[in-house]
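Numbering (numbering that gives the first Met the number 0), first residue to last: 0 to 194.
Just so you know, even glycine gets a beta-carbon here, dropped at the ideal spot from N, CA and C.
Have a look at the structure below before the remarks.
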Amino acid sequence: MDLILASNNKDKLKEVKRILSPYGFNVKSQSEAGIHLEAEETGTTFAENSAIKAKALYDIIHKPVIADDSGLEVDALGKEPGVYSARYGGEGVDDIGRCYLVLNKLEGVPDSKRTARFVCVITYIDENGEMTQFDGKIEGRIGYERIGDNGFGYDPIFVVGDRTLAQYSEDEKNAVSHRGEALRKLEEYLKTKIR
Numbered sequence: 000m001d002l003i004l005a006s007n008n009k010d011k012l013k014e015v016k017r018i019l020s021p022y023g024f025n026v027k028s029q030s031e032a033g034i035h036l037e038a039e040e041t042g043t044t045f046a047e048n049s050a051i052k053a054k055a056l057y058d059i060i061h062k063p064v065i066a067d068d069s070g071l072e073v074d075a076l077g078k079e080p081g082v083y084s085a086r087y088g089g090e091g092v093d094d095i096g097r098c099y100l101v102l103n104k105l106e107g108v109p110d111s112k113r114t115a116r117f118v119c120v121i122t123y124i125d126e127n128g129e130m131t132q133f134d135g136k137i138e139g140r141i142g143y144e145r146i147g148d149n150g151f152g153y154d155p156i157f158v159v160g161d162r163t164l165a166q167y168s169e170d171e172k173n174a175v176s177h178r179g180e181a182l183r184k185l186e187e188y189l190k191t192k193i194r
């Protein structure tokens, strides 16, 4: 089954392909499908933004699409960066800069108050326009420095157990991550629809 991902994020595409491809799903980015679209994320929740992206792509191609909206919620920061995770700090700030922004805001905050989670909502729209959403989350805490070379985004500062997600292998991360959980729910759902 072909699925078009409403994203051009290469890291996100790689994760989605790695999780869904073994189950027979052929995942392509919207640009690989010849579509150049940047849906405006005006929602106030991950679910709203995921739906906005999926619907914008579906309205163009009328084929099965998936969209992901995900981000980091840090309790000591009032759940920031939240839906603004990818844009935290404004234009021109990269993943490394966003990590340091979070670390700087948590300066002096004790370990017990550095709780955080990654949240992901996957939206699937089938060929008939029916929308279904799947969520996942992973609880952890924010470390004190960037550690690890794997992953992307906030992975180098997000600690699960005794390691950051950036210290996990791709397979280890996908087995425990917010996106992995949401995509496994999607995969189970699609298996029932295809039969």
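His35 and Gly107 have their alpha carbons spaced roughly 44 Å apart. Here the alpha carbon of Lys16 sits roughly 30 Å from the alpha carbon of Thr114. Annotation: the continuous beta strand (DSSP E) that includes Ser69 extends over Val64 to Val73. Less than 9 Å separates the beta-carbon of Leu2 from that of Pro63. By a beta-carbon distance limit of 8 Å, Ile141 does not contact Arg116. Their separation comes to about 11 Å. Taken in chain order, the unbroken stretches of beta strand (DSSP E) that lie wholly in the region 10 to 64 and span 3 residues or more are 25 to 28.
In the three-state reduction of the DSSP assignment, Gly135 falls in the strand class. By the neighbour-count criterion, in which 16 or more other beta carbons inside 10 Å mark a residue as buried, Pro21 falls on the exposed side.
Closest in C-alpha terms to Val118, from the list Gly89, Val82, Ile156 and Tyr188, comes Val82.
When beta bridges are read from the DSSP output, Ile124 appears opposite Val64 and Met130. Between the alpha carbons of Asn127 and Phe24 lies a gap of roughly 18 Å.
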